[in-house]
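Its first residue numbered 1, the sequence shown is counted upward by one per residue in the UniProt record's numbering. Just so you know, even glycine gets a beta-carbon here, dropped at the ideal spot from N, CA and C. Report on one structure; see the data block that follows.
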Amino acid sequence: MSSRVIHDAGIGGNARRPWGLQWRSSVWYVTLGTNSFTGVTTDLLVYSLIVPVVPFRLEALGYSGVSGLVGWLLFAYSAGLVAFTPPIAQLSERFNARKIPLLIGQVALIGAQIMLMLAPSYWLMVLARVFQGLSSSVIWVVGLALLCDTVPEKTVARQLGIAMSGLSIGFLVGPPVAGALYNSFGFHGPFIFGITVTAFDLIARLILVERHHALRWDPERHATPAPECGDLSDPPSTAPVTNTTNHDETHEDTTARQSNEPSHLSLLAVLGKLLRSSRALATCFSTLIYGMILTSQEPALPLYLQASWRLNSSKVGLVYIAAVVPTLFSSTIAGWWVDRIGTGLITVVSLLFALPWLGLLIVQKSLAFFIVMFALSNFAVSGTVSALTAELATISRRLDGVGYAHVYGAFNLSYGIGSGLGPVIGGQLYDHLERGWMAICLFGIGLSVIAIFLALVFYGDETLFTQLTRNFKRSREN
């Protein structure tokens with residue numbers, strides 16, 4: 001046990017033990033009760049609240065070219081997320097702090113929603129979205145790092161998959177609720193709902209006890225790895241996934257201790273390590289692609305549904321419900337499989353499954369047909385996020401001095417750039433091309449093919465391409 005842990009344990013002996021210490025610092029509370037699942041859900045709910053209502057708000061304010069303007073609003077969010085992610089990731093690792101940044105992020109998210117709700121002009125809406133991007137960078141970088149601090153390595157993909165299902169829930173709840181509240185209470189209604197949800201999430205974060213603080217009162221329980229994830233306070237193992245032997249136990253313990261200590265590498269040094277890793281670069285580029293596929297349809301979808309089937313904002317929200325429900329399960333299922341068969345294969349299978357449905361979205365047959373195709377494509381694409389986050393956790397354990405906040409900072413940057421470019425490209429394609437919706441769907445198919453190639457060639461300790469090549473050579477020899 002490190003001297004820091006022993007010192008903290010000694011402090012704990014003279015301090016009052018917090019109530020509910022075991023469950024407040026447990027794996028499942030960190031995964032479900034705060035910071036990960038609920039944080040992601042809240043963030044995506046607040047993000048998606050504007051999708052069905054802001055186009056109509058901008059039209060009411062007299063703006064034209066609404067699809068493009070909505071795209072730039074979504075870009076402003078991503079710009080804030082990208083700009084603030086590097087310092088947040090570096091400070092979180094340098095000071096080994098998770099809870100305080102998460103609290104600050106939630107307060108900032110409440111402030112951003114109030115600003116957007118009261119904004120009388122477009123430029124103030126843009127500024128509010130930048131601040132919302134700042135708060136989201138904290139939720140994603142620090143929240144996912146906290147999860148990996150707490151969860152055993154052998155089940156980290158499963159827990160990340162559960163946390164990432166918050167993406168789907170946020171997208172599921174946000175648009176229909178926003179549409180219904182907008183029709184009943186006007187533009188302020190959706191934002192009051194978002195502020196209320198964020199306030200409850202803030203309370204959940206206040207209750208949290210970080211693992212390294214829990215060590216002060218219960219060092220043996222929190223410092224000793226156990227075989228089951230059911231021991232809710234197990235620390236994560238940071239040993240390699242494959243070829244683990246008893247000979248490596250001392251190395252595993254040492255690595256686990258180091259993973260909980262602050263990183264003293266500069267931001268440039270961390271960036272250099274990530275840039276020299278082809279595996280890290282491929283994962284980050286795949287994350288960028290994921291963000292572009294996920295968001296390129298957003299500014300055009302309400303307008304396409306309105307033009308094709310004359311749907312208003314509340315009915316657009318209902319389409320989101322029908323389409324997003326299947327994605328509630330995709331990231332959790334994918335995370336469970338990632339722990340067993342690896343990140344590369346799951347990514348390839350998910351994206352191959354997405355290709356036909358993305359193509360069939362072009363067919364303007366009926367609303368029911370469109371909803372089914374939209375649901376299947378979202379289900380498939382959403383399955384990749386568990387693999388991406390699990391791959392980054394493994395990369396962090398392989399690179400000395402690179403912490404979880406660093407790799408999830410890279411995830412945030414990549415997703416932020418992708419989710420910034422996606423709406424702008426999608427909005428411009430829809431506004432300026434006669435078959436704009438078809439162009440958006442073909443754009444998503446092309447990006448998926450690129451991501452499949454990256455997963456084949458770069459993911460994993462041994463890539464799928466290497467395995468396939470070896471098996472092919474063996475079959476030729478036999």
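C-beta atoms of residue i and residue j nearer than 8 Å
i, j, result
"Leu134", "Phe84", "yes"
"Gly426", "Pro326", "no"
"Gly166", "Phe37", "yes"
"Ala79", "Gly446", "no"
"Thr31", "Gln159", "yes"
"Ala368", "Ala323", "no"
"Ser330", "Trp357", "no"
"Phe193", "Val177", "yes"
"Pro52", "Pro302", "yes"
"Arg454", "Ala280", "Before going further, note that residue 454 is Leu rather than Arg in the sequence given. No, the Cβ-Cβ distance between Leu454 and Ala280 is not below 8 Å."
"Met164", "Val348", "no"
"Ser314", "Gly170", "no"
"Gly444", "Ser296", "yes"
"Ser308", "Gln364", "yes"
6 Å Cβ shell around residue i - same chain, five flanking residues per side excluded
i, result
"Tyr77", "Arg129, Gln132 and Gly133"
"Cys284", "Ala410 and Ser414"
"Val338", "Ala157, Ile346, Ser386, Ala387 and Ala390"
"Leu232", "Summary for Leu232: the model assigns pLDDT 35, below 50, so the residue's position carries little reliability; its value from the coordinates is reported in the next sentence. So the qualifying residues of the chain are Ser26, Val27 and Trp28."
"Phe465", "Leu456 and Val457"
"Arg17", "Trp217"
"Thr150", "Val27, Val30 and Arg211"
"Leu429", "Gly436, Ala439 and Ile440"
"Leu103", "Arg205"
"Leu265", "Gly401"
"Phe379", "Pro326, Thr327 and Ser330"
"Thr332", "Gly161, Ile162 and Ser165"
Residue interval of the alpha helix (DSSP H) (run including residue i)
i, result
"Pro302", "Leu301 to Trp309"
"Val363", "No alpha helix (DSSP H) holds Val363; DSSP gives it neither H nor E."
"Thr287", "Ser278 to Thr295"
"Ile162", "Val156 to Phe185"
"Asn471", "Leu464 to Glu477"
"Phe453", "Gly436 to Phe458"
"Trp336", "Thr327 to Ile341"
"Trp123", "Tyr122 to Thr150"
"Ile207", "His188 to Ile207"
"Trp72", "Val66 to Arg94"
"Val51", "It is not in any alpha helix (DSSP H) - Val51 carries neither H nor E in the DSSP assignment."
"Asn412", "Tyr404 to His432"
"Ala108", "Lys99 to Leu118"
"Tyr320", "Ser313 to Val324"
"Val30", "Neither: Val30 is in no alpha helix (DSSP H) and is coded neither H nor E."
"Glu391", "Thr384 to Arg398"
"Gly272", "Leu267 to Leu275"
Contacting residues, own chain, Cβ-Cβ under 7 Å from residue i (five flanking each side not counted)
i, result
"Ser137", "Leu81, Phe84, Thr85, Ile88 and Asn412"
"Ala405", "Ala89, Ser92, Glu93, Val141, Val142 and Ala145"
"Val156", "Cys148, Pro236, Ala390 and Ala393"
"Phe75", "Gly420, Pro423 and Val424"
"Gly342", "Gly460"
"residue 535", "Lying before the first or after the last residue shown, residue 535 is absent from the chain, which here runs from 1 to 478."
"Gly20", "none"
"Ala119", "Met125 and Ala128"
"Gly189", "Leu181 and Tyr182"
"Val54", "Val70 and Leu73"
Neighbourhood of residue i by C-beta distance below 8 Å, restricted to the same chain and skipping five residues each side
i, result
"residue 479", "Missing from the structure shown is residue 479; the chain here goes from 1 to 478 and no further."
"Pro101", "Ile88, Leu91, Ser92, Val138 and Val142"
Pick from the options that is closest to residue i, judged by C-alpha positions
i, options, result
"Gly460", "Ser277, Glu434 and Phe353", "Ser277"
"Gly401", "Glu434, Leu267 and Ala368", "Leu267"
"Val107", "Ala282, Met125, Ile203 and Ser64", "Ile203"
"Leu361", "Ile440, Ala307 and Leu288", "Ile440"
"Leu275", "Gly62, Pro55, Leu399 and Leu49", "Leu399"
"Glu462", "Leu311, Leu172 and Gly344", "Gly344"
"Glu434", "Thr287, Tyr304, Thr332 and Ile207", "Tyr304"
"Ala60", "Leu172, Pro152 and Tyr182", "Tyr182"
"Asp43", "Ile110, Ala119 and Leu442", "Ile110"
"Arg98", "Thr469, Gly403 and Phe472", "Gly403"
"Val407", "Ser475, Leu58, Lys273 and Phe56", "Lys273"
"Leu311", "Arg397, Ile395, Ile195 and Ser366", "Ser366"
"Arg57", "Ser121, Gln22, Asp431 and Asp201", "Ser121"
"Asp201", "Leu288, Gly105, Leu271 and His188", "Gly105"
"Glu153", "Arg397, Ile50, Ala269 and Trp123", "Arg397"
Whole-number beta carbon distance between residue j and residue i, since they are thought to touch under 8 Å
i, j, result
"Val316", "Gly179", "6 Å"
"Ile293", "Ser448", "7 Å"
"Thr198", "Val66", "Wrong, their Cβ atoms sit about 27 Å apart, outside the cutoff."
"Leu73", "Met125", "6 Å"
"Pro175", "Tyr320", "4 Å"
"Arg24", "Leu208", "6 Å"
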